[in-house]
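So for the sequence shown, our numbering puts the first residue at 94; every next one is plus one.
I have placed the structure first, in the form of structure tokens, so that the comments after it can refer back to it.
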Amino acid sequence: MAAAAIDGNVLQYGSDSLRQDKEVVIAAVRQSGIALKFAKNDLNQDPDCLKAAGLFDDEEHKVYMRPEKAVLSVKFSLAEQSTSYCTEFFHAMKNDPYLWQFKTYNPNAWCKDSCDPDFTNLAHACRGT
């Protein structure tokens, strides 16, 4: 666990038992949010792990400075085979002095809502976001 707290990316080289250990995963993702994709047993979707990685906010109570909303059009994955681009982009948006002011809809595993309740209609303009 000490190595993961120093360099979170070492999680990818850990044994399955370490990659299934929630404390180890949280220590790793606090150091490097990208390391979350190496977690096992659905810990990459665990709210505590997502919060530690900086990828999950308490949206219900968060107040944004701007009324407009941003929509990321590409679904991002925290699967081990996925690239880290989307995670890095999400972190960059949260740390940007202008973009952090907007509520961002991020179509991913823990955010299933749509900008429109009829989003399953293939003809709908919002489809795919």
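C-beta: ideal position from N, C-alpha, C; glycine also.
Find the nearest neighbour of A172 within the set E116, Q124, L136 and K115, judged by alpha-carbon distance.
-> L136
Going by the beta-carbon positions, is the gap between Q118 and D100 smaller than 9 Å?
-> For clarity, residue 118 is Val in the given sequence; the question names Gln instead. Taking 9 Å as the Cβ cut-off, V118 and D100 do not qualify as a contacting pair.
Given M186, which residues of its chain have a CB within under 6 Å of its CB, disregarding the five upstream and five downstream residues?
-> L192
In three-state DSSP terms, what is K187?
-> helix
Nearest-angstrom Cα distance between R159 and N188?
-> 16 Å
Would you kindly work out how many angstroms separate the C-alpha atoms of F253 and Y178, rounded to a whole number?
-> The chain is shown from 94 up to 222; residue 253 falls before or after that span and cannot be answered.
Three-state secondary structure (DSSP) of A121 = helix
Skipping 5 residues on each side, what residues in its chain have a beta carbon closer than 6 Å to that of A128?
-> G101, N102, L104, A121 and V122
For A163, count neighbouring Cβ atoms within 10 angstroms of its own Cβ and tell me buried if that reaches 16, exposed if not.
-> exposed
For A145, the three-state DSSP class (helix, strand or coil) | helix
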